[in-house]
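Q: Those letters in the sequence shown? Residues -8 to 443, per the numbering used here, in order.
Heads up, the beta-carbon is just placed ideally off N, CA and C, and yes, glycines get one too.
Predicted model only: the values in this text are computed from it and were never measured.
Below: one structure in structure tokens.
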Amino acid sequence: MDNGGRGPNVPDRDELVATWSLAALGVLLLAGVTATRWLPQRLEAHPEQYVPFFLALFALFLMAVWLVQRRAPNSGAVLGLILGFGIAMRISALLQPASLSTDIYRYLWDAHVASHGVNPYAYAPAARQTIPYRTTYWSIMNHKDMRTMYPPLSQAFFLGVRAVGGERVSAFKTAFVLVDLVTLATILMLLSRAGLPLARCVVYAWHPLVVMEIAGSGHQDALGIMLMAAALLVAGFETTAGQSAWAGVLVGLSAMSKGYVLPAVPIFARKRPALFAATAALAALPFIALYWGDGAVLVGLSQYMQNRLRNAGPFAWLDGLLAHVAADHLAATRLVCVVLLLLVVARMAIRPASGAKELAARCTAAIGTFFLLSHTVYPWYATWLVPGLCLSPSLGWLAFTGLVSLAYLNPVPHINPWVPNVEYGCVLALLAWEGLKRWGGWRGGKLRVGAG
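See below:
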């Protein structure tokens, strides 16, 4: 680039404008996150105020991503802006009440009963056996008639947080923010080893979904996402059996935190499947054994699988069609969706990924496809897609991470039933467009998976 004789280290005017524009967007995003404290304190009860606010933040975020990808220099100053504002946004959200969801009170409850020697999987909070342990926040919890569905490593984490920080929402939120920052550091290591600009971490650092759902609402998905990102770091540069073993351990632990990494297991395991499966099982089994309780660990998950439709897209559309031809149309829909998911994942696992970038693209697609075909998709689930998008951008999956918050307008299917049609219709259209572009590249002999 011609810099007018200013010397090799002096940025040109366009780079300065891009850097200052990025700083301005960081200020606006931080101000927006901070301003959510002045919205109604029960945001889940006032989605009509939160959703437009979130979509405005998402639009600012997209501008920042575009600047980083197309205009901003790959400099220490830009990276400093991204990390500084990303941390500031998390601190701002951390200091606000968890008002989009009451899930965090279930984490406190599970740790509370476990601290009294009661297996958290043994009883639903509404069971009479829990009466001696009920707390001031007991009435706030949702699904009190269902046993916990959070996997064993999460239960151990909840208990550890309670032991260190006490039975306080702020302690749990702080713990998840710290885990979230470890994920951000892992993404930086991934980008560095892959030879990609470190500024691409803006996709995770500034994403309003990550900030609001993890730092703001304190969702425990942060733990599983961090372990999945660590698995990408190991498996993305896998050359030895030891690395395969460690990748298996990390994926097994991620599944024991929350199971959304499972659709990507065949992709992670492709190079040394037997070794990967053995180490993943060895990592998971001790936690399952610790909480097994005559199979009680599986009851909550089974209850969740029978849950009614929540923000379902293609699953609900297919169920509506099969309702005309199948008596048990819900079971038939599940079967068809499982078969479709297996076909998609099998296609991506035919050969091992060629590196971290391709591995991230495939894992994002596998987990994203699972969400598209699921009967329940809450907004925070989409945070699982964001780390992979730092390495391998996809407009379709990125759009999903923004549009998924429309689900707050559609808490049950009969309220604003247009929401899933808009949400999933836009996402599927963008994914189809990307697929056609890749197909054209393949036909021309120049396909690059996950290029961007």
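Identify whether Arg125 lies in helix, strand or coil by the three-state DSSP scheme.
A: Counted from its first residue, the sequence shown places residue 125 at position 134. Arg125: coil per DSSP, three-state reduction.
Q: For the alpha helix (DSSP H) containing His447, list its first residue and its last residue.
A: Since the displayed the chain opens at -8 and closes at 443, residue 447 lies outside it and no answer follows.
Q: Strictly by DSSP, which residues pair up with Thr367?
A: Numbered from 1 along the sequence shown, position 376 holds the residue referred to as residue 367. In the DSSP output, where bridge partners are listed per residue, Thr367 has Arg301.
Q: Taking the beta carbon of His103 as the centre, do at least 16 other beta carbons fall within 10 Å, making it buried, or is it exposed?
A: Here residue 103 refers to the residue found at position 112 when the sequence shown is read from its first residue. By the 10 Å Cβ count, His103 comes out buried.
Q: Excluding the 5 residues preceding and the 5 following Ala14 in the sequence, name in chain order all residues of the same chain whose CB lies nearer than 6 Å to its CB.
A: Counting from 1 along the sequence shown, the entry for residue 14 is found at position 23. Only Leu72 meet the Cβ criterion.
Q: Taking Ser90 as the reference, give the member of Leu74, Val335, Glu204, Leu397 with the closest Cα.
A: To locate residue 90, count along the sequence shown from 1; it is residue 99. Ser90 has its Cα closest to that of Glu204, out of Leu74, Val335, Glu204, Leu397.
Q: Hey, could you find the ends of the alpha helix (DSSP H) Arg153 is sitting in?
A: Taking the first residue of the sequence shown as 1, we reach residue 153 at position 162. Element bounds for Arg153: 143 to 156.
Q: Three-state secondary structure (DSSP) at Leu316?
A: Here the question's residue 316 lines up with position 325 in the sequence shown. The sequence given here places Val at residue 316; Leu does not occur at that position. In the three-state reduction of the DSSP assignment, Val316 falls in the coil class, being assigned neither a helical nor a strand state.
Q: Rounded to a whole number of angstroms, what is the C-alpha to C-alpha distance between Ala26 and Glu39?
A: Taking the first residue of the sequence shown as 1, we reach residue 26 at position 35. Taking the first residue of the sequence shown as 1, we reach residue 39 at position 48. C-alpha of Ala26 to C-alpha of Glu39: approximately 16 Å in a straight line.
Q: Tell whether a beta-carbon distance below 8 Å holds between Trp100 and Met137.
A: Position 109 of the sequence shown, counting from 1, holds the residue named residue 100. Position 146 of the sequence shown, counting from 1, holds the residue named residue 137. Using a Cβ distance threshold of 8 Å, Trp100 and Met137 do not count as a contacting pair.
Q: Among Leu386, Phe391, Leu364, His366, which has the Cα closest to the Cα of Trp375?
A: As a working mapping, residue 375 is identified with position 384 in the sequence shown. Of Leu386, Phe391, Leu364, His366, the residue nearest in Cα terms is Phe391.
Q: What beta strand (DSSP E) runs, 3 residues minimum, are completely inside the region 205 to 249?
A: none
Q: In or out: Leu397 buried (at least 16 other Cβ within 10 Å) or exposed?
A: Locating residue 397 in the sequence shown gives position 406, where the first residue counts as 1. Classification of Leu397: buried, given that the 10 Å Cβ count is 16 or more.
Q: Taking Cβ positions, are Gly346 and Gly227 nearer each other than 8 Å?
A: What you label residue 346 is simply residue 355 of the sequence shown in a count that begins at 1. What you label residue 227 is simply residue 236 of the sequence shown in a count that begins at 1. Yes; because the gap between Cβ atoms is below 8 Å, this pair is in contact.
Q: In angstroms, rounded to a whole number, what distance separates the CA positions of Gly239 and His366?
A: One-based indexing of the sequence shown puts residue 239 at position 248. One-based indexing of the sequence shown puts residue 366 at position 375. Roughly 28 Å separates the two Cα atoms.
Q: Look up Ser396 in the DSSP assignment and say whether it is helix, strand or coil.
A: For this step, residue 396 is matched to residue 405 along the sequence shown. The answer is helix: DSSP assigns Ser396 an H, G or I state.
Q: Should Ala280 be labelled buried (16 or more other beta-carbon atoms within 10 Å of its own) or exposed?
A: For the purposes of this step, residue 280 is taken as residue 289 along the sequence shown, with counting starting at 1. Burial call: exposed.
Q: Could you say which of Met180, Glu6, Gly416 lies nearest to Leu58 if we only look at CA atoms?
A: Translated into the one-based positions of the sequence shown, residue 58 becomes position 67. Here the closest residue by C-alpha is Glu6.
Q: Enumerate in chain order the residues of its own chain whose CB-to-CB distance from Ala268 is below 8 Å, with the five nearest sequence positions on each side excluded.
A: To locate residue 268, count along the sequence shown from 1; it is residue 277. If we look at Ala268 and ignore the five residues flanking it on each side, its Cβ neighbours are Gly239, Ala260.
Q: What do you reckon, are the CB atoms on Ser383 and Lys348 nearer than 8 Å?
A: Taking the sequence shown and counting its residues from 1, the one referred to as residue 383 is at position 392. Taking the sequence shown and counting its residues from 1, the one referred to as residue 348 is at position 357. Cβ atoms of Ser383 and Lys348: closer than 8 Å.
Q: Using only the alpha-carbon positions, how far apart do Thr231 and Arg191 sit?
A: To locate residue 231, count along the sequence shown from 1; it is residue 240. To locate residue 191, count along the sequence shown from 1; it is residue 200. Going by the C-alpha atoms only, they are around 28 Å apart.
Q: I need the DSSP call for Leu7, collapsed to helix, strand or coil.
A: On the sequence shown, position 16 is the one that residue 7 refers to. It is helical.
Q: Taking the alpha-carbon positions, what's the Phe163 to Val377 distance?
A: On the sequence shown, residue 163 is found 172 positions in, with the first residue counted as 1. On the sequence shown, residue 377 is found 386 positions in, with the first residue counted as 1. If I take the Cα positions, the gap works out to 22 Å.
Q: DSSP three-state label for Pro408, please.
A: For the purposes of this step, residue 408 is taken as the residue at position 417 of the sequence shown. Three-state DSSP puts Pro408 in coil, outside helix and strand.
Q: In this structure, does DSSP put Ser66 in helix, strand or coil?
A: Within the sequence shown, residue 66 is the residue found at index 75, counting from 1. In the three-state reduction of the DSSP assignment, Ser66 falls in the coil class.
Q: Just checking my contact of Pro411 with Ala287 at CB under 8 Å: how many whole Å lie between their CB atoms?
A: Within the sequence shown, residue 411 is the residue found at index 420, counting from 1. Within the sequence shown, residue 287 is the residue found at index 296, counting from 1. With 8 Å as the limit, Pro411 and Ala287 do not qualify as a contact, their Cβ atoms being about 34 Å apart.
Q: Going by alpha carbons, who is nearest to Ser235 out of Ala221, Ser248, Met247?
A: Here the question's residue 235 lines up with position 244 in the sequence shown. If we check each option's Cα against that of Ser235, Ala221 comes out closest.
Q: With 16 as the cutoff for other CB atoms within 10 Å, does Pro408 come out buried or exposed?
A: Position 417 of the sequence shown holds residue 408. Exposed.
Q: For Ser183, name the three-state secondary structure that DSSP assigns.
A: Position 192 of the sequence shown holds residue 183. DSSP places Ser183 in helix when its eight states are reduced to three.
Q: For Gly284 versus Tyr112, is the C-beta spacing smaller than 8 Å?
A: To locate residue 284, count along the sequence shown from 1; it is residue 293. To locate residue 112, count along the sequence shown from 1; it is residue 121. Cβ distance < 8 Å, so Gly284 and Tyr112 count as in contact.
Q: From Tyr41 to Gly387, what distance separates their C-alpha atoms?
A: Translated into the one-based positions of the sequence shown, residue 41 becomes position 50. Translated into the one-based positions of the sequence shown, residue 387 becomes position 396. Tyr41 and Gly387 have their alpha carbons spaced roughly 23 Å apart.
Q: Would you say the region 67 to 83 touches the region 14 to 24, given that touching needs at least three Cβ pairs under 8 Å?
A: yes
Q: Using 8 Å as the threshold, is the C-beta distance between Pro142 and Ser248 below it?
A: Numbered from its first residue, the sequence shown carries residue 142 at position 151. Numbered from its first residue, the sequence shown carries residue 248 at position 257. Result yes, Cβ atoms of Pro142 and Ser248 sit closer than 8 Å.
Q: Pull up the distance between the alpha-carbon of Val256 and that of Ala84, whole angstroms please.
A: Here residue 256 refers to the residue found at position 265 of the sequence shown. Here residue 84 refers to the residue found at position 93 of the sequence shown. Cα to Cα, Val256 sits roughly 33 Å from Ala84.
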